[in-house]
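Student: Taking our numbering, the leading residue of the sequence shown gets 71, the next gets one more, and so forth. Where a beta carbon is used, it is the ideal one built from N, C-alpha and C, also for glycine.
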Amino acid sequence: DHLLDRIQQFAGPLSTAAHIDFTHEINDLPEDYKLTKKEKRNLYMILKESVNNSIKYADCKNIHLAISLKNRRMEITISDDGKGFETHSVNDGNGLKNIESRSKEIGYNVMISSGINKGTSVTLTKS
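(1) Check each candidate in Thr93, His72, Ala87, Ser183 and name the one with the smallest Cα separation from leucine 135.
(2) What beta strand (DSSP E) runs, 3 residues minimum, are completely inside the region 106 to 155?
(3) Between which residues of its own chain and valine 192 is the CB-CB distance below 6 Å, once the five residues before and five after are set aside?
(4) Drop a sphere of 10 angstroms on the beta-carbon of arginine 143, count the other beta-carbons inside from all chains shown, and report buried for 16 or more, exposed for fewer.
(5) Step through the CB atoms of chain C and report whether any lies within less than 8 Å of the CB of glutamate 175.
(6) Tell me which residues share the same chain as leucine 99 and place their Cβ nearer than 7 Å to its Cβ, disregarding the 5 neighbours each side in the sequence.
(7) Across which residues does DSSP place asparagine 187 in a beta bridge pair?
(8) CA-CA distance, lysine 108 and histidine 158?
(9) Have a look at Lys118, Leu105, Ile90, Lys110 and flag the residue whose alpha-carbon is nearest the alpha-carbon of phenylalanine 80.
(10) For threonine 195, which residues does DSSP report across the bridge?
(11) Per DSSP, which one or two residues make a beta bridge with isoleucine 90?
(12) Taking 8 Å as the cut-off, decide whether the C-beta atoms of glutamate 175 and asparagine 123 are in contact.
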């Protein structure tokens with residue numbers, strides 16, 4: 071809850087100012103599910119970077135955050151419906167590198183999916 075609150079406090083006003091609808095959902099997550107401080111910090115920074123990227127570059131109308139357990143492993147996906155990009159031809163900026171290094175640091179796999187006019191999604195799955 072604390073992580074989600076922090077993301078909403080950050081993403082809500084920025085999305086509203088950019089006329090983007092920010093939504094979220096939490097599925098199948100036990101109330102007593104705990105994250106370490108390191109996980110919380112890095113997940114927050116990854117999600118913050120993803121939201122910033124969506125707002126700054128995607129020209130999207132919607133950003134959606136989904137948190138769930140899949141096979142007893144935390145899965146977090148943040149996606150937008152923006153213009154997307156070709157993942158194989160993007161010049162890796164610091165943002166994408168930071169997302170990848172932060173996820174590895176806390177034992178999460180990251181998959182960044184995007185395509186021209188197909189939006190972008192960043193999915194984090196606990197290893």
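Tutor: Walking through what the data contain:
(1) Along the sequence shown, read from residue 1 onward, the residue named residue 135 stands at position 65. Cα-wise, what sits closest to leucine 135 is Thr93.
(2) 132 to 140, 143 to 150
(3) Your numbering for residue 192 matches position 122 in the sequence shown. Here the set comprises Ser120, Ile148, Ile182.
(4) Numbered from its first residue, the sequence shown carries residue 143 at position 73. By the 10 Å Cβ count, arginine 143 comes out exposed.
(5) Chain labels in this structure do not include chain C; a single protein chain is all it has.
(6) By one-based count along the sequence shown, residue 99 stands at place 29. Hits under 7 Å: Ile137, Ser138, Leu139.
(7) Working through the sequence shown from its first residue, we reach residue 187 at position 117. Its beta-bridge partners do not exist; DSSP assigns none.
(8) Here residue 108 corresponds to residue number 38 of the sequence shown, with the count starting at 1. Here residue 158 corresponds to residue number 88 of the sequence shown, with the count starting at 1. Approximately 30 Å, taken between the alpha carbons.
(9) The residue labelled residue 80 in the question sits at position 10 within the sequence shown. Selected option, being the one with the closest Cα: Lys118.
(10) Position 125 of the sequence shown, counted from the first residue, corresponds to residue 195. Looking at the DSSP assignment, threonine 195 forms a beta bridge with Glu145, Asn179.
(11) Locating residue 90 in the sequence shown gives position 20, counting from the first residue. None; isoleucine 90 has no bridge partner.
(12) In the sequence shown, counting from the first residue as 1, residue 175 sits at position 105. In the sequence shown, counting from the first residue as 1, residue 123 sits at position 53. No, these two residues do not count as a Cβ contact at 8 Å.
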